Structure formats: C-alpha cells, structure tokens
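Protein chains: 2
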Amino acid sequence: MRDQILREATRLMAAHGANATSVQSIADAVGIRKASVLYHFPSKEALRKAVLNELLYRWNDVLPRLLLAPSTSGQDRFEAIIFELMSFFASEPDRARLLVRELLDRPEAMEQYLKSYIQPWLHVVTKALDEGRRSGVVQRDIDPTAFALQMTVLSLSSIATADSWWFLLDSDKDTAKVRHLTELARMAHASLFGARVAPNATRKIGSFEANTEAYDTQSLRSIKG
Amino acid sequence: MRDQILREATRLMAAHGANATSVQSIADAVGIRKASVLYHFPSKEALRKAVLNELLYRWNDVLPRLLLAPSTSGQDRFEAIIFELMSFFASEPDRARLLVRELLDRPEAMEQYLKSYIQPWLHVVTKALDEGRRSGVVQRDIDPTAFALQMTVLSLSSIATADSWWFLLDSDKDTAKVRHLTELARMAHASLFGARVAPNATRKIGSFEANTEAYDTQSLRSIKG
DNA sequence: CCTACCGATCGGTAGG
DNA sequence: CCTACCGATCGGTAGG
Chain A
0 MRDQILREAT
10 RLMAAHGANA
20 TSVQSIADAV
30 GIRKASVLYH
40 FPSKEALRKA
50 VLNELLYRWN
60 DVLPRLLLAP
70 STSGQDRFEA
80 IIFELMSFFA
90 SEPDRARLLV
100 RELLDRPEAM
110 EQYLKSYIQP
120 WLHVVTKALD
130 EGRRSGVVQR
140 DIDPTAFALQ
150 MTVLSLSSIA
160 TADSWWFLLD
170 SDKDTAKVRH
180 LTELARMAHA
190 SLFGARVAPN
200 ATRKIGSFEA
210 NTEAYDTQSL
220 RSIKG
Chain B
0 MRDQILREAT
10 RLMAAHGANA
20 TSVQSIADAV
30 GIRKASVLYH
40 FPSKEALRKA
50 VLNELLYRWN
60 DVLPRLLLAP
70 STSGQDRFEA
80 IIFELMSFFA
90 SEPDRARLLV
100 RELLDRPEAM
110 EQYLKSYIQP
120 WLHVVTKALD
130 EGRRSGVVQR
140 DIDPTAFALQ
150 MTVLSLSSIA
160 TADSWWFLLD
170 SDKDTAKVRH
180 LTELARMAHA
190 SLFGARVAPN
200 ATRKIGSFEA
210 NTEAYDTQSL
220 RSIKG
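Chains as they are written, first to last, in numbering that gives the first Met the number 0: chain A, 0 to 224; chain B, 0 to 224.
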C-alpha cells in the first residue's frame with residue numbers, strides 16, 4: 000500500500016507539482032481515505048521527500064555503471080555516458096518532470112541533493128573530458144564541467160517538457176520522439192568531437208529507437224531502426 | 000496599479016508557480032487588499048493569462064529582428080539568432096521560469112501559444128538551416144527543426160533552473176553565469192558547424208559577458224571580457 | 001479600492 | 001485503515 004501511495008504521488012506531483020497536488024487527490028487515486036495516506040506518511044512534506052528520495056535512489060542504480068567504467072578518454076565512453084543519461088529520463092519522463100519542478104520550486108533545498116548525487120559524477124566526467132581534451136579527442140575549447148551540466152539539463156528538461164512541443168516536430172508522436180532523442184545525441188556528439196557522427200555513434204543512436212518504447216508509459220507501436 | 004499587480008504576479012508565479020501563488024500573496028506584495036486585485040483582474044485565471052500574454056508579447060519584440068533579417072545561410076546569421084534567443088531569457092530569468100512552468104503545468108493549453116509564437120519562427124529557422132546544410136556550411140546530419148527546438152529548450156530551461164546548480168560550476172555566481180552562457184554558445188556553434196569556434200563567434204560570446212549584467216535583477220558586479 | 005462575508009478545500013488530528 | 005472533525009486558507013462576491 001505504501002508503494003502504491005508513493006507511485007500515485009509521484010505521478011500526480013510530476014504532472015501538477017507537489018504544491019498543487021492535494022493529499023486528497025492522492026488518496027482518491029489510490030482508492031483510500033485521506034487520513035489513511037497520512038498514516039503511511041506523517042505529513043505531505045514527508046511524502047514529497049519520499050518521492051524525491053525514491054527518484055534519486057534510482058539514479059544510484061545507473062551511477063556505478065558510469066563511475067566504475069574504465070577512465071579512458073575514447074569516444075565510446077562519452078557516448079555511453081550520454082546514452083545512460085538520456086535513457087534514465089527517457090525511460091521514465093515523470094522523473095524528469097519531478098526533478099525540473101524541484102529545481103524550480105526549491106533551489107536552495109536542492110543544493111544538498113545535487114552535492115550528494117551530481118557533484119561526484121560531475122567530477123569524474125570533468126576529469127575524463129579534461130584528459131580527452133589534452134589528448135585531442137575532445138574539442139579544445141570545451142568547458143568540461145559546464146558541458147556536462149548543460150547536457151544533463153538538456154536531457155532532463157527537454158524530456159520533461161516534450162509533451163508540450165513534440166507536435167512541432169512531427170504529427171506522429173513516436174517519430175517526433177525518435178527525432179528528438181536522435182538530434183539530442185547528435186548535438187552531444189558534435190559538441191564533444193566537432194566533426195561528423197562516427198559509425199559507432201550511429202549504433203548508439205540506433206539503440207535509442209529500441210529504447211523509445213519505454214519513453215512513455217503509454218503503449219507505443221514498434222519503431223523500425 | 001494594474002501594472003504593479005502584473006509585475007508582482009509575474010515574479011511570484013515564476014518563483015512558486017501559478018497554482019501555488021495565492022491572490023492574497025500578490026495583494027500583500029503590492030500592498031493592497033485581495034478584493035482590489037480581483038477588481039483589476041476578474042479572476043486568478045485571468046491574471047495568470049495576462050502574465051503569460053505579457054511575456055509572449057515581449058517575444059514579439061525580438062521576433063522581427065530574426066524573421067526580417069536577410070535569409071542568408073552564413074554563420075553570422077545563426078550566431079545572431081542564438082544570441083537573441085539566449086539574451087531573451089538571460090536578461091529576464093523570470094520569463095524562462097514562467098514558461099517552463101507553463102510547459103509542465105498545461106501542455107495542451109500551450110499548444111496554441113506555441114503554434115502562434117514559435118511555429119512561424121521555427122519554420123524560418125528550419126528553412127535557413129536546410130539551405131546552410133545544402134551549401135555545406137551547416138553539418139550535413141543535422142535535423143534542423145529538432146535542433147532549433149533543442150536549442151530553445153536548452154536556453155530556456157538552463158536559465159530557468161540555473162539558481163539550483165550554478166554553485167557546481169563556480170563558487171562565484173557571476174563567473175558561473177558567464178561560463179554557463181559561454182559554453183551554451185559554444186555547444187550551439189559546434190552542433191551547427193562542427194569545427195572550432197570561428198573568430199566572429201568569439202566576438203559574439205564576448206557580448207554575452209556584457210549582457211550578463213541583466214541576467215538577474217540582483218545587482219551584479221562588473222564583469223571583464 | 002475597501003470591509004465583510006461566502007462555501008469549498010487545504011493539511012492535519014483524535015479516537016477507534 | 002476508517003469516521004469525524006479542527007482551524008486556516010483558498011478563490012470569489014456583495015455592497016459601498
């Protein structure tokens with residue numbers, strides 16, 4: 000039951016914001032009384048924090064795959080990191096929406112979360128980018144930390160707001176999503192390496208198309224690569 | 000008085016969201032009674048729409064400079080468009096915050112706004128990028144419409160959420176802002192043209208530093224180029 | 001632009 | 001996990 004409350008709270012808070020989500024609306028979605036929700040979570044604030052912690056806990060599932068990977072400065076490594084980043088949000092857009100809302104609603108409170116969850120990851124990526132820059136693989140005039148942050152914000156927020164503007168991209172929602180993620184990956188590649196997309200990048204982008212099925216909870220028709 | 004209400008409403012709704020901003024809090028900020036706010040604007044919904052329309056009206060100030068410019072496909076033109084885009088949000092971050100919130104809160108209602116205000120602009124930029132691509136100035140594998148959308152979303156949302164994460168970039172807020180905008184411009188350039196930053200791009204980036212003073216309403220110390 | 005007031009809903013509690 | 005209830009605040013109105 001606790002999990003069910005958490006799931007509905009995540010969905011509603013991602014859609015309308017934590018402030019605009021009443022405890023009553025969560026209770027209705029679960030099918031219980033409001034007082035019962037407040038039995039599992041002592042206050043609405045506690046529920047909000049639980050939702051955010053659950054989200055960041057999932058981030059810890061994906062982090063090790065990035066941090067423990069060998070610290071080479073090859074293109075493959077950077078492609079993999081960007082792929083994981085995009086997949087994390089694309090596979091569960093509510094995460095993206097919730098995070099953007101928290102960044103807007105509680106900037107000072109998010110600092111400690113970013114320090115715990117993003118700072119270490121950012122440090123490793125910055126180091127790898129610096130190496131790549133010295134060895135000439137990565138563009139010389141890049142600002143490694145700023146680049147990593149921008150790519151994170153771009154993945155996060157473009158997926159969070161996609162429901163509003165995908166129609167500008169294509170009348171078919173699935174096609175729009177593929178074009179959205181493909182161009183995102185291309186921009187990341189070009190920003191890092193400058194030149195045209197390498198063969199292996201095309202392979203990576205291809206896997207987005209397979210991954211797109213998990214982009215939304217709605218059932219999506221199969222997409223051909 | 001109407002303008003004063005509109006100004007405080009914009010500020011509060013950008014900071015906390017329209018749903019979380021009470022008419023009472025706006026009245027308090029202006030220094031009048033709640034009923035007096037509802038004399039100038041018949042309902043909270045009308046006030047919210049007035050705030051959004053005011054914002055989009057300002058967008059119409061910047062649009063002509065982009066649409067009426069000669070439709071060449073040179074690098075200068077693209078640099079100029081991206082500069083206007085970034086300046087529009089950087090000079091008034093409340094705009095960015097408000098727009099991101101609206102995109103999240105009312106995706107279906109935003110469609111008509113995007114159709115009126117973004118679609119025509121997007122069409123022109125797409126055409127120019129297509130020309131540039133054919134003439135070899137712009138990267139061949141670019142998706143023009145998706146690229147223009149991504150750059151808009153990136154400028155918009157990175158400025159909207161910057162208060163949360165600028166400390167990850169630099170302990171000095173002004174320095175962080177300059178690095179943020181400079182890397183944003185570099186990414187746009189590299190995504191478009193692939194190679195290193197051209198001399199004229201450096202000039203453009205330089206003007207961001209002057210522009211940064213308007214980044215925030217807080218007083219900022221002078222930044223050296 | 002104000003005072004005074006409306007019903008509805010808010011987060012939360014008592015008590016079982 | 002429920003019923004029943006709390007004071008506070010919500011958007012909005014009547015009437016001046």
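Even for Gly, the Cβ is constructed at its ideal location relative to N, Cα and C. Just so you know, these numbers come straight off a predicted model, no measurement behind them.
Just how far apart, CA to CA, sit Gln23 (chain A) and Leu51 (chain A)? Position 24 of the first sequence, counting from 1, holds the residue named residue 23 (chain A). Position 52 of the first sequence, counting from 1, holds the residue named residue 51 (chain A). Approximately 20 Å, taken between the alpha carbons.
Are Val124 (chain B) and Ser157 (chain A) touching if we call contact CB-CB under 9 Å? Residue 124 (chain B) sits at position 125 when you count from the first residue of the second sequence. Residue 157 (chain A) sits at position 158 when you count from the first residue of the first sequence. In this structure, Ser157 (chain A) does not lie closer than 9 Å to Val124 (chain B) by Cβ.
In whole angstroms, what separates the C-alpha of Glu101 (chain A) from that of Gln74 (chain B)? Here residue 101 (chain A) refers to the residue found at position 102 when the first sequence is read from its first residue. Here residue 74 (chain B) refers to the residue found at position 75 when the second sequence is read from its first residue. Going from the Cα of Glu101 (chain A) to the Cα of Gln74 (chain B) covers about 37 Å.
Contiguous beta strand (DSSP E) assignments of at least 3 residues, all confined to the segment 18–64 of chain A: none
Chain B partners of Asn52 (chain A), CB-CB under 7 Å? Along the first sequence, read from residue 1 onward, the residue named residue 52 (chain A) stands at position 53. Those do not exist, as Asn52 (chain A) stays about 17 Å from chain B at its closest Cβ, beyond 7 Å.
Leu54 (chain A) and Leu121 (chain A) closer than 9 Å at C-beta: Here residue 54 (chain A) refers to the residue found at position 55 when the first sequence is read from its first residue. Here residue 121 (chain A) refers to the residue found at position 122 when the first sequence is read from its first residue. It is not a contact, given that the beta carbons lie outside the stated cut-off.
Could you tell me whether the segment 158–177 of chain A touches the segment 100–117 of chain B, where touching means 3 or more Cβ pairs closer than 8 Å? yes
Cutoff 6 Å; reference Arg1 (chain A); Cβ partners in own chain excluding five residues on either side: For the purposes of this step, residue 1 (chain A) is taken as residue 2 along the first sequence, with counting starting at 1. Result list for Arg1 (chain A): His39, in chain order.
Ala8 (chain B) versus B:Asp93, B:Arg64, B:Ser86, B:Met85, residue with shortest Cα-Cα distance: Position 9 of the second sequence, counting from 1, holds the residue named residue 8 (chain B). Out of B:Asp93, B:Arg64, B:Ser86, B:Met85, B:Asp93 has the C-alpha closest to the C-alpha of Ala8 (chain B).
For chain B, is any of its Cβ atoms less than 9 Å away from the one on Asp104 (chain A)? Within the first sequence, numbered from 1, the residue matching residue 104 (chain A) stands at position 105. So yes, Asp104 (chain A) belongs to the interface.
Could you check whether the Cβ of Phe88 (chain A) sits closer than 9 Å to any Cβ belonging to chain B? Along the first sequence, read from residue 1 onward, the residue named residue 88 (chain A) stands at position 89. So, not an interface residue.
For the segment 117–128 of chain B, enumerate the residues whose C-beta is nearer than 9 Å to any C-beta of chain A, in chain order. Result list: Ile117, Gln118, Leu121.
Check whether the Cβ atoms of Ile117 (chain B) and Ala187 (chain B) sit closer than 9 Å, and answer yes or no. What you label residue 117 (chain B) is simply residue 118 of the second sequence in a count that begins at 1. What you label residue 187 (chain B) is simply residue 188 of the second sequence in a count that begins at 1. No. Outside cutoff.
Report the option in A:Glu182, A:Ala17, A:Asp173 whose CA atom is closest to the CA atom of Gln138 (chain B). Numbered from its first residue, the second sequence carries residue 138 (chain B) at position 139. Looking at the Cα atoms, A:Glu182 is the closest of the given residues.
How many Å lie between Arg178 (chain B) and Leu37 (chain A) at the Cα? Working through the second sequence from its first residue, we reach residue 178 (chain B) at position 179. Working through the first sequence from its first residue, we reach residue 37 (chain A) at position 38. About 45 Å.
Would you call Gly135 (chain B) buried or exposed, if buried means 16 or more other Cβ atoms sit within 10 Å of its Cβ? Along the second sequence, read from residue 1 onward, the residue named residue 135 (chain B) stands at position 136. Counting Cβ neighbours within 10 Å, Gly135 (chain B) comes out exposed, since fewer than 16 surround it.
Ala49 (chain B) versus B:Phe77, B:Leu5, B:Thr144, B:Thr20, residue with shortest Cα-Cα distance: Position 50 of the second sequence, counting from 1, holds the residue named residue 49 (chain B). Comparing Cα-Cα distances from Ala49 (chain B) to each of B:Phe77, B:Leu5, B:Thr144, B:Thr20, the minimum goes to B:Leu5.
CB Arg64 (chain B) to CB Glu44 (chain B), shorter than 9 Å? Stepping through the second sequence from its first residue, residue 64 (chain B) is reached at position 65. Stepping through the second sequence from its first residue, residue 44 (chain B) is reached at position 45. Going by C-beta atoms, Arg64 (chain B) is not nearer than 9 Å to Glu44 (chain B).
Leu183 (chain A) versus chain B: which residues are under 9 Å apart at the beta carbon? Along the first sequence, read from residue 1 onward, the residue named residue 183 (chain A) stands at position 184. Simply Ala145, Gln149.
Between the alpha carbons of Phe192 (chain A) and Ala26 (chain B), how many angstroms are there, rounded? Counted from its first residue, the first sequence places residue 192 (chain A) at position 193. Counted from its first residue, the second sequence places residue 26 (chain B) at position 27. Taking the straight line from one Cα to the other gives about 53 Å.
Residues in the same chain with beta-carbon distance under 8 Å from Ala28 (chain B), minus the five sequence neighbours each way, listed in chain order, please. Stepping through the second sequence from its first residue, residue 28 (chain B) is reached at position 29. The residues are Glu7, Arg10, Leu11.
Length of the line joining the Cα atoms of Gly131 (chain B) and Leu167 (chain A): Here residue 131 (chain B) corresponds to residue number 132 of the second sequence, with the count starting at 1. Here residue 167 (chain A) corresponds to residue number 168 of the first sequence, with the count starting at 1. The alpha-carbon atoms of Gly131 (chain B) and Leu167 (chain A) are separated by roughly 21 Å.
Taking Cβ positions, are Asn18 (chain B) and Asn18 (chain A) nearer each other than 9 Å? Here residue 18 (chain B) is taken as the residue at index 19 of the second sequence, counted from 1. Here residue 18 (chain A) is taken as the residue at index 19 of the first sequence, counted from 1. Result yes, Cβ atoms of Asn18 (chain B) and Asn18 (chain A) sit closer than 9 Å.
Is Pro143 (chain A) near Leu66 (chain A), with beta carbons less than 9 Å apart? Within the first sequence, residue 143 (chain A) is the residue found at index 144, counting from 1. Within the first sequence, residue 66 (chain A) is the residue found at index 67, counting from 1. No; because the gap between Cβ atoms is not below 9 Å, this pair is not in contact.
Check for me: the alpha helix (DSSP H) holding Ser156 (chain B) runs from which residue to which? Here the question's residue 156 (chain B) lines up with position 157 in the second sequence. From DSSP, the alpha helix (DSSP H) with Ser156 (chain B) extends over 143–159.
From the beta carbon of Ile4 (chain B), is the nearest beta carbon of chain A less than 9 Å away? For the purposes of this step, residue 4 (chain B) is taken as residue 5 along the second sequence, with counting starting at 1. No, its Cβ sits nowhere closer than 9 Å to a Cβ of chain A.
8 Å Cβ shell around Gly16 (chain B) - same chain, five flanking residues per side excluded: Here residue 16 (chain B) corresponds to residue number 17 of the second sequence, with the count starting at 1. Cβ neighbours of Gly16 (chain B) beyond the five flanking positions: Arg100, Asp104.
Please report the distance separating the alpha-carbon of Ile293 (chain A) from that of Leu128 (chain A). Nothing about residue 293 (chain A) can be reported from this structure: the residues present for chain A run from 0 to 224 only.
Could you say which of A:Arg57, A:Ala147, A:Thr174 lies nearest to Ser90 (chain A) if we only look at CA atoms? For this step, residue 90 (chain A) is matched to residue 91 along the first sequence. Answer by Cα proximity: A:Arg57.
Using only the alpha-carbon positions, how far apart do Asp171 (chain A) and Ala159 (chain B) sit? The residue labelled residue 171 (chain A) in the question sits at position 172 within the first sequence. The residue labelled residue 159 (chain B) in the question sits at position 160 within the second sequence. Rounded to whole angstroms, Asp171 (chain A) to Ala159 (chain B) spans 29 Å at the Cα level.
Separation of Arg76 (chain A) from Gly224 (chain A), as counted between CA atoms: Sequence index remark: in the first sequence, residue 224 (chain A) carries index 225 (1-based). Sequence index remark: in the first sequence, residue 76 (chain A) carries index 77 (1-based). Only weak support exists for where Gly224 (chain A) lies, its pLDDT of 21 falling under 50; the value from the coordinates is given anyway. If I take the Cα positions, the gap works out to 23 Å.
Measure the C-alpha to C-alpha separation of Ser190 (chain B) and Gly30 (chain B) and round it to an integer number of angstroms. Residue mapping note: residue 190 (chain B) aligns to position 191 of the second sequence, counting from 1. Residue mapping note: residue 30 (chain B) aligns to position 31 of the second sequence, counting from 1. Taking the straight line from one Cα to the other gives about 49 Å.
Tell me the rounded alpha-carbon separation between Leu113 (chain B) and Phe87 (chain A). Start at 1 with the first residue of the second sequence, and residue 113 (chain B) comes out as number 114. Start at 1 with the first residue of the first sequence, and residue 87 (chain A) comes out as number 88. Rounded to the nearest angstrom, the two C-alpha atoms are 27 Å apart.
Applying the 10 Å Cβ sphere with the 16-neighbour rule, what's the burial state of Gln111 (chain B)? Locating residue 111 (chain B) in the second sequence gives position 112, where the first residue counts as 1. Result: exposed.
Arg96 (chain B): contacting residues in chain A (beta-carbon distance under 8 Å): The count along the second sequence starts at 1 and reaches residue 96 (chain B) at position 97. In chain order: Leu103.
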